[in-house]
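Engineer:
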Amino acid sequence: MINIDLKNYELNIFIKDLEELNIILNEKQLCQFMKYYELLIEWNQVMNLTAITDFDEVLKKHFIDSLSLIKVYRVNSNVNSEISSELNSSISLIDVGTGAGFPGIPLKIAFPKIEITLLDSLNKRINFLNTVIEELGLEDIEAIHGRAEDFSKKGMFREKFDLCVSRAVANLSTLSEYCLPYVKVGGKFISYKSEKITEEIASAKKAVSVLGGKIENQVEFMIPNSDIYRNLVVINKNKKTPDKYPRKAGIPAKNPIL
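Take the sequence shown: its letters are residues 0 to 257, numbered as in numbering that gives the first Met the number 0.
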């Protein structure tokens, strides 16, 4: 049992934001989010996890932002039953470049039936994520240390996931080369963006196509009860990614497919 007293936290705005996303959390889930916040702040004192540490900002810019996925990918568990669902117990998700666990851990807390893999290149962050997983009592979730270019090779995680998500900062061509190799044919890659990227999307179309995908949708919105702009780009995986992708470490960023 997580030792958290919810009375110590002002959660009215958080709960209102969740309601605008049609998400209703129980007491256990709210305690998990608050414990996650506490661990984030504690570990951030000794390592660089996030520049955002204010309580309300963490809830809005990290937790709510992560959960905004349901604007483009409907989720089953704990969501208004009138909304059609795509995520259920059989869905597997990989969060590439997860950092401090965003969006993967908030999605796992809110929708516990999803099977989640968190991938990050810094081992210190993996240690943090494993602590979060243990102390929150999360199941069917693992944190893996490694580069995105390495774990999508044959025999590992290549084309094993229904959904890949990433809040990593990179252009869409580069991110697609990192992420689409993980996605099953018929699955999706969804990129979280914080700016308008009309030109970036146009320049990424060739790369997406070469990698076996097709840009399906782009949804622009404001995070609930804020002036914070967000953008979700949805890419369908229509065919297998050619074996030569992703290229060796560093190349996708230095020389994106154009």
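Just so you know, even glycine gets a beta-carbon here, dropped at the ideal spot from N, CA and C.
Can you give the beta carbon distance from I214 to I196, rounded, assuming they're within the 8 Å contact cut?
Structural biologist: That belief does not hold up - the Cβ atoms of I214 and I196 are roughly 11 Å apart, past 8 Å.
Engineer: Is the beta carbon of I90 closer than 7 Å to that of L20?
Structural biologist: No. Outside cutoff.
Engineer: Quick check: the Cα distance between L174 and H144, rounded to an integer number of angstroms?
Structural biologist: Cα to Cα, L174 sits roughly 18 Å from H144.
Engineer: Taking 6 Å as the cut-off, is the C-beta of K15 nearer than that to any heavy atom in the ligand NAP?
Structural biologist: The model on display carries no ligand, and the ligand NAP is accordingly not part of it.
Engineer: Under a Cβ-count criterion, where at least 16 other Cβ atoms within 10 Å of its own Cβ denotes burial, should G98 be classed as buried or exposed?
Structural biologist: G98 comes out buried.
Engineer: Taking only three categories from DSSP, how would you classify T197?
Structural biologist: Note: T197 maps to helix in three-state DSSP.
Engineer: Would you say I93 and T116 are within 7 Å of each other, going by their C-beta atoms?
Structural biologist: Yes; because the gap between Cβ atoms is below 7 Å, this pair is in contact.
Engineer: At which residues does the alpha helix (DSSP H) containing D16 begin and terminate?
Structural biologist: Looking at the DSSP string, the run of the alpha helix (DSSP H) that includes D16 is N11 to E19.
Engineer: Extract the residue ranges of the beta strand (DSSP E) inside the segment 153–198, only unbroken runs of 3 or more that lie entirely within it.
Structural biologist: Counting whole runs of 3 or more residues, the segment 153–198 contains the beta strand (DSSP E) stretches 160–165 and 182–192.
Engineer: Buried or exposed for G249, please, with buried defined as at least 16 other CB atoms from any protein chain shown within 10 angstroms of its CB.
Structural biologist: With fewer than 16 other Cβ atoms within 10 Å, it is exposed.
Engineer: Just to confirm my understanding: we take G100, look at its own chain, exclude 5 residues before and 5 after, and list those with CB closer than 7 Å. What are they?
Structural biologist: Hits under 7 Å: L117, L128 and V131.
Engineer: Roughly how many angstroms lie between the CA atoms of D119 and T49, to the nearest whole one?
Structural biologist: In a straight line, the C-alpha of D119 is about 15 Å away from that of T49.
Engineer: Which residues does DSSP pair with K236 in a beta bridge?
Structural biologist: Paired residue(s): G212.
Engineer: Can you give the Cα-Cα distance for I40 and T52, rounded to whole angstroms?
Structural biologist: Near 7 Å, if we compare the C-alpha coordinates of T52 and I40.
Engineer: Can you list, in chain order, the residues of its chain with a C-beta nearer than 8 Å to that of L5? Leave out the 5 residues immediately preceding and following it.
Structural biologist: Around L5: E26, L29, C30 and M33.
Engineer: Look at V182 and K236 and say whether their C-beta atoms are less than 7 Å apart.
Structural biologist: Yes, these two residues count as a Cβ contact at 7 Å.
Engineer: Count the C-beta pairs between the segment 133–142 and the segment 55–62 that are closer than 8 Å, then say yes if the count reaches three, no if not.
Structural biologist: Because the criterion of three Cβ pairs below 8 Å is not met, the segment 133–142 and the segment 55–62 do not touch.
Engineer: Spatial neighbours of A206 within its chain, please: C-beta separation below 6 Å, excluding the five flanking residues on both sides.
Structural biologist: Excluding positions up to five away in sequence, the list reads S172, S175 and I256.
Engineer: What is the rounded straight-line gap between the Cα of G103 and the Cα of F188?
Structural biologist: Approximately 14 Å between the Cα atoms of the pair.
Engineer: Would you decide whether G154 is buried or exposed? Buried here means 16 or more other CB atoms lie within 10 Å of its CB.
Structural biologist: Result: exposed.
Engineer: Short of 6 Å in beta carbon distance, which residues of its chain neighbour E114, apart from the five on each side in sequence? Order them along the chain.
Structural biologist: Answer for E114: S91 and D139, listed in chain order.
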